[in-house]
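Asks: Residue numbers (the numbering used here), protein chains in the order written: chain A, 870 to 1146; chain B, 1454 to 1816; chain C, 36 to 477.
Even for Gly, the Cβ is constructed at its ideal location relative to N, Cα and C.
Bear in mind the structure is a predicted one, so any value in this text is a computation, not a measurement.
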Amino acid sequence: MPQNVIPLPDDPRYMDLSYPEQGALTEEERNLDTLPPDQRELARKFWQAVKSDFRFNEYLRGCLNCGVCTSGCPAAKFYDYGPREMIQYMMRDAVDRIWEFVNKKVWACVQCYTCSMRCPFNNEIAGLIMLLREYAVQFALPSAKEILAPYRRVLYTVLTLGNQVTPDMIQPEAFPDWGPQAVEESKNMDVYRKAIPVDLLQRTDIGWHASLQTAVELMTIMFESGVMDAIKNVDPDLYDMVSDIYEERKSQLEEIREKWMNGELKEEDLPDSWLDL
Amino acid sequence: MPANRVLVIGAGPAGLSATKELQALGVDVVLVERESYLGGTPKKLKYSLLFPELRPASEVLDPLIKAGEAVKTRYMESIVDKVQQEGDNFVVTIKDKNGKTYTEKVGAIIAASGFEHFDSRRKYEYGYGIIPNIYNISDIEGMLSENRLVTTKGTPPKRVAILLCVGSRDATVGNTHCSRVCCAVSIKQAMEIKERIPDAVVHIYYMDIRTYGLMEDKLYWKAQLNYRVGFIRGRISEFMRGPNDTVVIKGEDTMNLNRALVVPYDMVILANGMELGLGSKQVAKVLGLEFEEHGFVRPMDPDRLPVLSTRKGVFLAGAITGPKTISDSITEGQAAAIKAYEYVSKGIWEEAPRKVAAEVVKH
Amino acid sequence: MQEEREIQKKLHEEIKQAFPYAEDVDWNEIYQRVIYRYSTPHGIAHVKEELEKLEEKGEIIVHHIKPYNNPVEAQTINGLPKKIPTTRLWQHKSCGQCGHIPGYPTSVFWIMNKLEIDYMDEPHQTSCTGWNYHASGASNPVALAGVYVRNMWRAYEIDYFPLIHCGTSFGHYKEIRNMIVLYPQIREKLRPIMRKLGMDIVVPEEVVHYSEWLFVMSKKAAQHKKYDVSNIRAAVHTPCHVYKLVPDDTIYDPNVWQGRRPAPPTGTVLNFGAKIVDYSTWWDCCGFGFRHILTEREFTRSFALFKKVIPAVEEGKADVFVTSDTGCVTTLDKSQWAGKAHGFNYNLPVLSDAQFAAILMGADPYKIGQIHWHATDVEGFLRKIGVPVDEYKEQFLQYLADLRAGNAQPEYLYKPHRKIDFYLALPDRVKWYKGEQAQKVS
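Right under this line is the structure:
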């Protein structure tokens, strides 16, 4: 700063009286100051990453500020949340607001795609929400960790078996609001499953019994595509667990496949389910 | 030289105004109209008052219709079925509703077959035609001019919502243009409703109010100053069937963040915009004209030669080239008449100037 | 086909009415007055064109619908044709259905058996992982594409056309298909992964939801109807991921809501003879919310009850709620009981269209419909239409007791798989499974 310039008092009211020489910050920079100092750089990096995703410019097109998205939004009825809010922050590059949004509100969306279908500017709004969520996980943001914590078992099932849910997860204590039928169901789970007239559906610990090869192929996709790298940041224990399982299943599969190719495989020696290997 | 005879397609404000001028200039006119009456869409939909002067539509239309009635070679309930070039002239085949054909030889053609209102059924989440008491502005014009503005219950509406930009500025239905007149028409209707039902609550849901030019205070300000019409900034996402034949709107008051609105009304009016109708599409096809990106007919040069088409000897007037007010259409009818007159009497046909790309220097 | 001719006739009449005396009209334009136009940046026509180009270049293998899939042509929202294969189908099951509403897939299989449809249901399938993705974001486009293509490959290699059971899988796969077709960077990253699995990028010609299949088959299926439902008032919830995700690739029909709301499952219910009732919140979602159903159920419960069940009952006086997706059945069915705590005593039976159709066609509501997995009063509804529920229940309870005691063996809708099928995806599996029949077509 030149010597003859009076420094600006540290008071936002002086901002619009200032000259550039006095070191006034642009609005975007100033707003970033509302974030804790240790988060500013991360917020900026996060937003840069989202913006450079190949889908971003395709999904975010423009905004007439019409409110069609928010007015049809189920989540907006229950939470302090609205898709238009997000679109506006994105259009204005409001890093501080996006940061706030991604650390809380982004998880309110129920992914019904009503906003996307109706947006007169053809924004893929629910897709933008997914972009924010994807990068929240990749950046291992606290909000993503918080969201994923009660979700670990589901993730484990998805990553190792390719199924989202298991029949036996319906425990009365976890689903007290589902009433007496859920109690009955969990009590009779074994026989209920056995009474389903499809062999793949008769286990209680998996929605359908996928083949060992399928499970290994799925895990391969998850590792090769970088999903597991993201998991490593959010939930290292889960990562270790899945890695161990992957290695084990892979070698089991290789062994069985080799035996089969050499005509040495005796089907009767295999357990009924590879889950019991 | 082309024959001193001009075919005018469409007997709406633009076509009739062209007819009137051509007659005054001593040019023989052949008039073809699809409907059984003269006056075009304003007549068909029984327009009530015209903005911004709020005068009865008949006051403007009647003199034009009179000019149309004076045309001797007039084909009503007919369409142009074929056009063949014969030297400088066109041999036109006209077909009436019984399938009978007639041939006319003309030196020039003015295409003034106009627009069609957006079919609100295409915005399926608005439920037009499924949920009672949802109307188009075009339906309301008729109700106003016949002085029977009532809901399905037979009583005057006490709460009315008007939604702008239905089928305009909306990429989901493929219409990204502004239809220009709906803001003005809607505000005019709001005032007409308040005139009839002074204690009615009338809300206009808008994104932008485009009462451009001299209409700003005559409509937008006046509606608030004299009639207390409410303006709510937000587009409605969906209409729901409410109790007692009411309509419940789902909108957002976008002046406040995340403020969703769920409000019942007795009557909802959709300001459905303008599109090139099937009639004009057929005309354009028969005449071999080009379309521009919004689906309207492309003039030779929208700035310099707005009433010349891309085909020599064919002129354009009115909403065939884009959304227009009635006065714009009348003006264009007059302009097209003069250009057609120059063409048939002196053979003047200007070509579009070469397009020069503006030089842009990146800074 | 009679019905097709009728639709054609109706269209023709409307055209005549709209434009009585011109021969020289654009039929496409006229058509759009009957089916309603919707536009997106990358319309389905564009995606299909690109897909064709990629196939020509040899970048993508397209799994075509073959004549022996007996395709039926339906219409999308823009009036474009969508081919729905009706036989030789590969069952792409739903994780939520198989986990918690098993009567849903078994009803589909049962109907197919009844209509003598050739199908394969295999252990070589994973879920689409879309539920997890939409809930947590813990995935990425390449992984999602990989999961999709891997499943599609298994169907392609045995030449059975994939039929997607889950609404989310259907919507999600449509989106992923578009992404694979439109973005070379995804294909570049995807190809080495698929190669590693011994596969290539394969994309089916159409992404088809079972509810679309059921709709095009529903008139035929309804001929097997055992119970009269003409006095039944059915409210329909059409799943969001079926028609709001890639909206221009879902089928519509002029005879269903004037072509203004998706044809399935409403059209299926209509074809089975029930009355359809409208309710104000028809367009709303069910409240599933992907993560909400697991970890934020106060939202799910409230939304399902107040925005769906109560309007359907109070406005539509509905006897049954019919829907066509995993999450919707679960949400609408399980969210009603908790309302009792606040005096909202609603017990509106919730069924998938497949269960609804199968039970009407005479399927055992317990062994096939598996209605004991539902929390709402499905039994009451079945009594109303004359299903001898109590007899069925008695038999079923006996069956359960026998299974428990080891006095009965489980019954199957199709031949159980070999043990090896639970380990390896063997090339000979169809041959083993179908015998001579399989060799005839391939």
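#1: Chain B beta carbons: is any one of them nearer than 8 Å to that of tryptophan 318/C?
#2: Could I get the ranges of all uninterrupted alpha helix (DSSP H) runs contained in the segment 245 to 332 of chain C, with 4 residues as the minimum, in chain order?
#3: Spatial neighbours of leucine 395/C within its chain, please: CB distance less than 6 Å, with the 5 preceding and 5 following residues excluded, ordered by chain position.
#4: Where does tryptophan 1802/B sit, in a helix, a strand or coil, going by DSSP?
#5: Among the residues of its own chain, which have a CB less than 7 Å from the CB of phenylalanine 325/C, if the five just before and after it don't count?
#6: Can you tell which of Ser370/C, Arg212/C and His327/C has the C-alpha that lies nearest to the C-alpha of valine 344/C?
#7: Measuring only between beta-carbons, confirm whether valine 937/A sits less than 8 Å from chain B.
#8: Is phenylalanine 205/C helix, strand or coil when you go by DSSP?
#9: What is the residue span of the alpha helix (DSSP H) that glycine 1732/B lies within?
#10: Flag leucine 1081/A as yes if its beta-carbon sits less than 8 Å from any beta-carbon of chain C, otherwise no.
#11: With a threshold of 8 Å between beta carbons, is valine 175/C in contact with chain A?
#12: Anything in chain B within Cβ reach of aspartate 313/C, meaning under 7 Å, just list it in chain order.
#13: With burial defined as no fewer than 16 other Cβ atoms inside 10 Å of the residue's Cβ, what is the status of aspartate 399/C: buried or exposed?
#14: Buried or exposed: where does proline 462/C fall if 16 or more other Cβ atoms within 10 Å of its Cβ makes it buried?
#15: Along chain C, in chain order, which residues have C-beta atoms closer than 7 Å to that of threonine 1605/B?
#16: Cα-Cα, which of Leu1460/B, Arg1807/B and Gly1468/B is closest to alanine 1561/B?
#17: Using a beta-carbon distance cut-off of less than 7 Å, what residues from the segment 294 to 310 of chain C approach chain B?
#18: Of all Cβ atoms in chain B, is any one closer than 8 Å to the Cβ of phenylalanine 970/A?
#19: In the DSSP assignment, what residue or residues form a beta bridge with aspartate 1754/B?
#20: Along the segment 922 to 952 of chain A, what residues have a CB closer than 9 Å to any CB found in chain B?
#21: Interface residues of chain A around isoleucine 19/C at Cβ under 7 Å?
#22: Closest to isoleucine 1657/B by C-alpha separation, out of Ser1639/B, Pro1755/B and Pro1516/B, would be which residue?
#23: Along chain C, which residues have their Cβ under 9 Å away from the Cβ of tyrosine 1020/A?
#24: Under 8 Å, Cβ to Cβ, is there at least one residue of chain A near tyrosine 381/C?
#25: So is isoleucine 875/A buried or exposed if we call it buried at 16+ other beta carbons inside 10 Å?
#26: If the criterion is Cβ atoms closer than 8 Å, does the pair methionine 1088/A and leucine 1028/A meet it?
#27: By DSSP, does isoleucine 1125/A sit in helix, in strand, or in coil?
#28: Output yes or no for whether 8 Å exceeds the beta carbon distance between asparagine 1711/B and tyrosine 950/A.
#29: Determine whether the Cβ of tyrosine 982/A lies closer than 8 Å to any Cβ atom of chain C.
#30: Between tyrosine 73/C and chain B, is any beta-carbon pair separated by less than 8 Å?
#31: Who are the Cβ neighbours of lysine 475/C in its own chain at under 6 Å, not counting the five residues just before and after it?
#32: Is the beta carbon of leucine 1616/B less than 8 Å from the beta carbon of leucine 1714/B?
#33: With a threshold of 7 Å on Cβ separation, who are the neighbours of glutamate 108/C within its own chain once the five nearest residues in sequence on each side are excluded?
#34: Give the secondary structure of histidine 407/C by DSSP, where H, G and I count as helix, E and B as strand, and everything else as coil.
#35: Between the segment 1595 to 1629 of chain B and chain C, which residues of the former have CB atoms less than 8 Å from a CB of the latter, in chain order?
#36: Excluding sequence positions up to five away, which residues of its chain have a Cβ less than 7 Å from the Cβ of alanine 473/C?
Replies: On the basis of the supplied data:
#1: yes
#2: 245 to 257, 275 to 278, 301 to 306 and 327 to 330
#3: Lys260, Tyr262 and Phe307
#4: coil
#5: Trp166, His169 and Ala170
#6: Of all alpha-carbon atoms in Ser370/C, Arg212/C and His327/C, the one lying nearest the alpha-carbon of valine 344/C is that of Ser370/C.
#7: yes
#8: DSSP places phenylalanine 205/C in helix when its eight states are reduced to three.
#9: 1731 to 1740
#10: yes
#11: Note that residue 175/C is asparagine in the sequence shown, not valine. Yes, asparagine 175/C counts as interfacial toward chain A.
#12: Here the neighbours are Arg1694.
#13: buried
#14: exposed
#15: Within 7 Å Cβ-Cβ: nothing; threonine 1605/B doesn't reach chain C, min ~16 Å.
#16: Leu1460/B
#17: Those would be Arg295 and Arg296, in chain order.
#18: no
#19: Leu1758/B
#20: Arg930, Leu933, Asn934, Cys935, Gly936, Val937, Cys938, Thr939, Ser940, Gly941, Cys942, Ala945, Lys946, Tyr948, Asp949, Tyr950 and Gly951
#21: Only positions 36 to 477 of chain C appear in the structure, and residue 19/C is not among them; the question remains open.
#22: Ser1639/B
#23: Asn167, Ala170, Ser171, Ala173, Arg326, Leu329 and Thr330
#24: no
#25: exposed
#26: yes
#27: The DSSP-derived three-state label of isoleucine 1125/A is helix.
#28: yes
#29: yes
#30: yes
#31: Its pLDDT being 45, under 50, lysine 475/C is placed unreliably by the model, and nothing is read from it.
#32: no
#33: Pro116 and Lys118
#34: Looking at histidine 407/C - three-state DSSP - the assignment turns out to be helix.
#35: Ala1624, Thr1625, Val1626 and Gly1627
#36: For alanine 473/C, the predicted structure reports a pLDDT of 46, less than 50, and the residue's modelled location is therefore unreliable. A value from the coordinates is still provided. Same-chain partners within the cutoff: Val465 and Lys466.
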